[in-house]
Ligand SMILES: Nc1nc2c(ncn2[C@@H]2O[C@H](COP(=O)(O)OP(=O)(O)OP(=O)(O)O)[C@@H](O)[C@H]2O)c(=O)[nH]1
Ligand SMILES: [Mg+2]
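In full-length UniProt numbering, the protein residues as written are 1 to 451.
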């Protein structure tokens, strides 16, 4: 039974978990023996022959039926400069029209836009999400162009992790938005990769399956194309960028996949127009000098890309996303949260032990923080008290001074009052004296003045 078959079932089928192993067509039953009070498993594999038909040979059909019932899910991220033909290629790949609108060229930063579609082929339903990098490469400073993409991919991983960590999980109905493949559109310059391409792919190669493709390959000549492809591959290798390799460990697809690995980066052409060739309408691009047929393998690698992306390796990409890229993210995040499989002495620790250890560390930290805060509070209170005392002292001094000034002022006022009273007495005395003097003296003075 090959792995592609399991993939076709759309399940992460864990053979070991079921304790039933199919090894080279032989049935092996793994016996589980519980030792002492531990759940320790001791393996004792024995080959047994069945005396008649039991029925578990229908397991593959059960899986296929279940998967078809549930439907499939695939998420594609298209990274490429504005107008490189991303939307046209998506329309061509899925032979439909996603009715996307052209992006503006003047955005201050890169934005990621996701659109989800329900597609159906025969009785197989596919929930397809296409994520577009709007404004990628349009900014003068392209240094941070990759950041929005990295953040988007991480955000999808984080959302899945949070769902997984919930007590009541709904993973069966959860819309898994983790990116399964990144189609990186390379500008058909013929001169190799731009630095933005290398930096972005390097940042993403541990997070997502990258398939680099040469966009608008009809604008580049046949001989130039081969040189361009070799240049791109050597630049990727020299910069340690790991692109997605079509798997060769499954014998049913090993040959085709290894030959296709040699064709990467695929040089693709997309079109929304159809031209009649013989009695068939073919997706093509018409030029004054001839017609480029999108699905003609001697014109471009479109068919190779479609075969590899959709028909042969879609499930492998989903599996690698879950088992490699998400696993890496999850491991990093859980370590950040303080979880580990081994303790400081490299001895295995259970989740519960880690939780308890973490809890006691947190309690200790809390206690320490509380003590520190208490001490700080006492110090602050003492400081405040000292400050208040100082202020009180100053106020006392001020009060004494004011009191002294007031007494002096009062004394002065008293003296002035007394002096005033004396003056009034003196005035009254003089007034009386004046009134007792004879009146003519005044008249005489008046007459003499007239003279
Ligand atoms: N020569 C050539 N032109 C193409 C190809 N694919 C698309 N185009 C043309 O390029 C233009 C932009 O195509 P789109 O598919 O809108 O490009 P895009 O990358 O989605 O653009 P934005 O979403 O605006 O960033 C259109 O005029 C297409 O007809 C191709 O393979 N070769
Ligand atoms: Mg577009």
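For every residue, glycine included, the Cβ atom is placed at its ideal position computed from N, Cα and C.
Note that the coordinates shown come from a computational prediction; the quantities given were computed from them, not determined experimentally.
- Judged by pairs of C-beta atoms under 8 Å, the segment 320-328 touches the segment 178-194, as three or more such pairs exist.
- Less than 7 Å divides the Cβ of residue 146 from the Cβ of residue 199.
- Here residue 254 is not near residue 84, since their CB atoms are 7 Å or more apart.
- In the three-state DSSP reduction, residue 212 falls in the strand class (E or B).
- In terms of Cβ geometry, residue 270 and residue 228 do not form a close pair [threshold 7 Å].
- CA-CA distance, residue 424 to residue 435, rounds to 16 Å.
- In this structure, the CA atom of residue 94 is about 31 Å from the CA atom of residue 237.
- Judged by DSSP in its simplified three-state form, residue 277 adopts strand.
- Summarising the contact set, residues whose Cβ lies nearer than 7 Å to any heavy atom of ligand 2 are, in chain order, 86, 87, 100, 102, 103, 132.
- Residue burial is scored here from C-beta neighbours: residue 336 has fewer than 16 other C-beta atoms within 10 angstroms and is therefore classed as exposed.
- Shortest Cα-Cα distance from residue 329 to any of 151, 108, 113 involves 151.
- Relative to ligand 1, even the nearest heavy atom lies 6 Å or more away from the CB of residue 189.
- In this structure, the beta-carbon distance from residue 286 to residue 275 falls below 7 Å.
- Scanning 351, 247, 115 for the CA closest to the CA of residue 261 turns up 247.
- Taking C-beta atoms as the reference points, residue 134 and residue 166 fail to come closer than 7 Å.
- Looking at the backbone, the Cα of residue 387 and that of residue 367 are separated by about 30 Å.
- By the criterion of a C-beta distance shorter than 8 Å, residue 81 is surrounded in its chain by 136, 137, 138, 185, 187, once the five residues flanking it on both sides are discounted.
- If you draw a straight line from the Cα of residue 244 to the Cα of residue 220, it is about 24 Å long.
- By the neighbour-count criterion, in which 16 or more other beta carbons inside 10 Å mark a residue as buried, residue 217 falls on the buried side.
- Placement of the Cβ of residue 216 at a distance of less than 6 Å from at least one heavy atom of ligand 1 is found.
- Bounds of any beta strand (DSSP E) do not take in residue 242, whose DSSP letter is neither H nor E.
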